[in-house]
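Quick mapping for you: the protein sequence lines, in order, are chains A and B. Using my numbering, you'd call the opening residue of the first sequence number 1 and step up by one each time. Using my numbering, you'd call the opening residue of the second sequence number 274 and step up by one each time. Ideal placement from N, C-alpha and C gives every residue a C-beta, glycine not left out. One structure is given below, encoded as structure tokens.
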Amino acid sequence: MPTIEVYHGAAASFWRVMAIARRHAYVLQRSPHRLFDIIVWPVVDVILFGTIGVFAAGRLGGAGQVALYLLVGVVLWHVVYQAQISLATGFLEETWSRTVLSLLVTPMREWEYVAGVALFGLVKLLGGVGAVALIAWAAYAFKITTLGWGLIPVAALLLAVGWAIALFVIGLVLRFGSGAEALAWGILFVVMPLSGTFYPVSALPAVLRPIGTLLPTTHAFAAGRAFAQGAATPWHELGLAAAGTAVMLALGFGYVVWMLRVFRARGFVTRYS
Amino acid sequence: MSPPAALRAAGLVKSYRRGRAVDGVDLTVALGERVALLGPNGAGKTTTLLMCLGAVTPDAGTVEILGHRLPRERSHALARVGFTAGYLPLPERMRVVEYLRLYARLAGLRRPDVAARAALDRFGVSHLARAMGTELSSGQKTLVGIAKAVLHRPALLVLDEPTASLDPDVALRVRTGLREISAELGTALLVTSHNMVEVERLCERVVFLSAGQVVANGTPAQIIDRYGHDDLEGVFLHLS
Chain A
1 MPTIEVYHGA
11 AASFWRVMAI
21 ARRHAYVLQR
31 SPHRLFDIIV
41 WPVVDVILFG
51 TIGVFAAGRL
61 GGAGQVALYL
71 LVGVVLWHVV
81 YQAQISLATG
91 FLEETWSRTV
101 LSLLVTPMRE
111 WEYVAGVALF
121 GLVKLLGGVG
131 AVALIAWAAY
141 AFKITTLGWG
151 LIPVAALLLA
161 VGWAIALFVI
171 GLVLRFGSGA
181 EALAWGILFV
191 VMPLSGTFYP
201 VSALPAVLRP
211 IGTLLPTTHA
221 FAAGRAFAQG
231 AATPWHELGL
241 AAAGTAVMLA
251 LGFGYVVWML
261 RVFRARGFVT
271 RYS
Chain B
274 MSPPAALRAA
284 GLVKSYRRGR
294 AVDGVDLTVA
304 LGERVALLGP
314 NGAGKTTTLL
324 MCLGAVTPDA
334 GTVEILGHRL
344 PRERSHALAR
354 VGFTAGYLPL
364 PERMRVVEYL
374 RLYARLAGLR
384 RPDVAARAAL
394 DRFGVSHLAR
404 AMGTELSSGQ
414 KTLVGIAKAV
424 LHRPALLVLD
434 EPTASLDPDV
444 ALRVRTGLRE
454 ISAELGTALL
464 VTSHNMVEVE
474 RLCERVVFLS
484 AGQVVANGTP
494 AQIIDRYGHD
504 DLEGVFLHLS
């Protein structure tokens with residue numbers, strides 16, 4: 001009988017993270033309909049908003065700005081969207097395939113699972129955002145590289161916000177069961193208009209502006225537009241976005257840990273077994 | 274201080290909205306021991322198992338696996354535990370070998386392919402390695418599920434209704450495989466089942482639960498004697 005050799009500590013964690021990422025790669029490979037989130041929606045969005053931008057540019061004086069706002073907005077929006085949807089639906093996959101109990105009864109720690117799903121989510125994100133950027137360039141001559149190096153911090157902040165929202169969704173699914181899964185897709189469509197994705201937050205109705213101002217996405221999109229227009233580095237917006245993102249991540253982690261405790265205390269695992 | 278057992282649960286209590294599911298259960302499984310947890314539907318068997326595995330938090334009581342206290346040392350404890358249940362499906366979008374490799378990695382194994390092959394060989398289902406989970410019969414799924422549970426040669430193997438709805442041939446193969454694992458590796462077994470014949474053949478000790486409490490605990494022969502029946506099935510009907 002072959003001997004059993006076991007990893008310990010960081011090496012064991014690394015391979016667990018990789019194993020979870022690989023498990024989700026198999027799911028995507030064998031579920032072509034999942035490409036809808038990664039390819040189809042992004043392409044539909046960029047064509048929709050890019051075309052509105054081009055139409056507006058033709059009708060309004062100096063409306064090149066509108067096209068820029070829309071194209072920068074749609075490309076950056078898909079960073080949030082892909083980050084959020086890949087992590088949230090990654091966990092939902094475990095509920096659909098009823099593997100929650102089997103995973104809970106392994107030495108895997110919660111953060112290793114989240115890291116594994118998020119890691120494969122990065123691959124999906126590259127696919128989705130790549131598709132958006134490619135269509136924006138091919139159809140509307142918009143190069144995402146016009147954001148320059150500023151693209152990196154803006155995309156990193158939006159990525160982290162997407163993960164924070166996904167943690168919140170996972171917490172809701174742990175607490176309320178499959179009934180909450182619609183939020184995996186729906187919650188983003190509450191965040192998007194409030195975040196000034198395609199317009200400055202000052203364009204929102206006055207009553208909604210304070211909410212928009214509180215969201216880190218609002219400041220990240222504003223920073224992205226500033227970079228695209230070649231303005232000076234918007235440190236103020238980046239700082240607000242970073243602070244807000246840190247708060248959202250802390251709240252997201254705190255909420256999911258709390259809900260996992262409730263999940264175990266109330267025996268909700270039997271919903272998925 | 275008592276030596277570490279494979280499992281030591283003391284004073285487990287769990288209430289749900291509908292009432293108390295487990296009411297002060299003490300359960301110890303010694304290293305290498307084969308124990309059956311029996312009782313009618315709703316007796317609290319699965320809740321007890323889930324608390325012992327850290328998937329459900331007890332309202333009161335403590336759980337130790339190989340001396341590791343839950344939930345604080347959950348990861349260390351579960352590294353030495355294998356678990357499967359007859360009601361758990363295999364993931365739909367994975368091949369058997371991919372599924373086994375996943376759980377081998379989660380257990381920290383350096384050579385997941387070797388472990389997967391050895392586990393499939395043990396239960397005579399190597400030919401299923403490339404099959405998708407959805408292509409398997411219920412018996413094959415059970416065998417693959419048990420192969421998954423023993424990949425890392427656990428010190429404690431917890432099986433919830435492992436042979437439910439299996440034909441006698443597959444059930445025999447499962448029992449034989451489990452006895453071999455226990456004998457070769459010193460793996461302790463904690464099994465729930467409604468099949469009393471299977472329990473008598475597989476387990477050295479039986480713990481009966483009724484209404485969330487332990488109502489009998491001993492070898493099958495002792496329990497049969499104590500209640501004056503011919504077999505465990507008679508005792509089961511008596512205690513249910």
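Local conformation of residue i per DSSP, three classes
| i | result |
| --- | --- |
| A:F176 | helix |
| B:I454 | helix |
| A:F198 | coil |
| B:D386 | helix |
| A:Y140 | helix |
| B:S483 | strand |
| A:V72 | helix |
| A:Y255 | helix |
| B:H425 | coil |
| B:M405 | strand |
| A:G230 | coil |
| A:R225 | helix |
| A:D37 | helix |
| A:H8 | coil |
| A:I165 | helix |
| A:R16 | helix |
| B:Y360 | coil |
| B:D296 | strand |
C-beta neighbour in chain A for residue i, strict 8 Å
| i | result |
| --- | --- |
| B:R345 | no |
| B:T407 | no |
| B:P362 | yes |
| B:T320 | yes |
| B:R426 | yes |
| B:F356 | yes |
| B:L393 | no |
| B:R384 | yes |
| B:S348 | yes |
| B:L304 | no |
| B:Y289 | yes |
| B:A388 | yes |
C-beta neighbour in chain B for residue i, strict 8 Å
| i | result |
| --- | --- |
| A:P153 | no |
| A:E5 | yes |
| A:W77 | no |
| A:E8 | At residue 8 of chain A the sequence reads His, which differs from the Glu that was named. Cβ-Cβ to chain B under 8 Å: yes for A:H8. |
| A:V269 | yes |
| A:A88 | no |
| A:S273 | yes |
| A:A265 | yes |
| A:A19 | yes |
| A:W15 | yes |
| A:R59 | no |
Cα-Cα separation, residue i to residue j
| i | j | result |
| --- | --- | --- |
| B:E337 | B:T460 | 16 Å |
| A:V27 | A:A12 | 23 Å |
| A:L101 | A:F263 | 12 Å |
| A:Y199 | A:E181 | 29 Å |
| A:G224 | A:L70 | 12 Å |
| B:V295 | B:K318 | 8 Å |
| B:D386 | B:V369 | 11 Å |
| B:C325 | A:A242 | 42 Å |
| B:A316 | B:A484 | 5 Å |
| A:V173 | B:V508 | 42 Å |
| B:E506 | B:V472 | 10 Å |
| A:D37 | A:L119 | 17 Å |
| B:L323 | A:L249 | 31 Å |
Environment of residue i [buried if 16+ CB atoms lie within 10 Å]
| i | result |
| --- | --- |
| B:S410 | exposed |
| A:I152 | exposed |
| A:G186 | exposed |
| A:K143 | exposed |
| B:T465 | buried |
| A:W15 | buried |
| A:L60 | exposed |
| B:N468 | buried |
| B:R378 | buried |
Under 7 Å by beta carbon: chain D residues contacting residue i
| i | result |
| --- | --- |
| B:L432 | Note that chain D does not occur in the displayed structure, where the protein chains are A and B. |
Check: In the stretch 98-127 of chain A, which residues sit with their C-beta less than 8 Å from some C-beta in chain B, listed in chain order?
Finding: R98, T99, L101, S102, L103, L104, V105, T106, P107, M108 and R109
Next item on the list: Below 9 Å between beta carbons is the criterion; list the residues of the stretch 364-382 of chain B that meet it against any residue of chain A, in chain order.
Entry: P364, E365, R366, M367, R368, E371, Y372, R374, L375, Y376, A377, R378, L379, A380, G381 and L382
Checklist line | Residues within the stretch 473-494 of chain B neighbouring chain A, beta-carbon criterion of under 8 Å | finding: none
Check: Given a limit of 7 Å on CB to CB distance, which residues of the stretch 225-258 of chain A reach chain B?
Finding: none
Note to self: If the cut-off is 7 Å on Cβ atoms, which residues from the stretch 321-335 of chain B count as contacting chain A, listed in chain order?
What the structure shows: L323, L326, A328, V329 and T330
Note to self: Tell me which residues of the stretch 27-49 of chain A have at least one Cβ-Cβ distance to chain B shorter than 7 Å, keeping chain order.
What the structure shows: V27, R30 and S31
Margin query: For the stretch 443-460 of chain B, list every residue whose C-beta sits within 7 Å of some C-beta in chain A, in sequence order.
Written below: none
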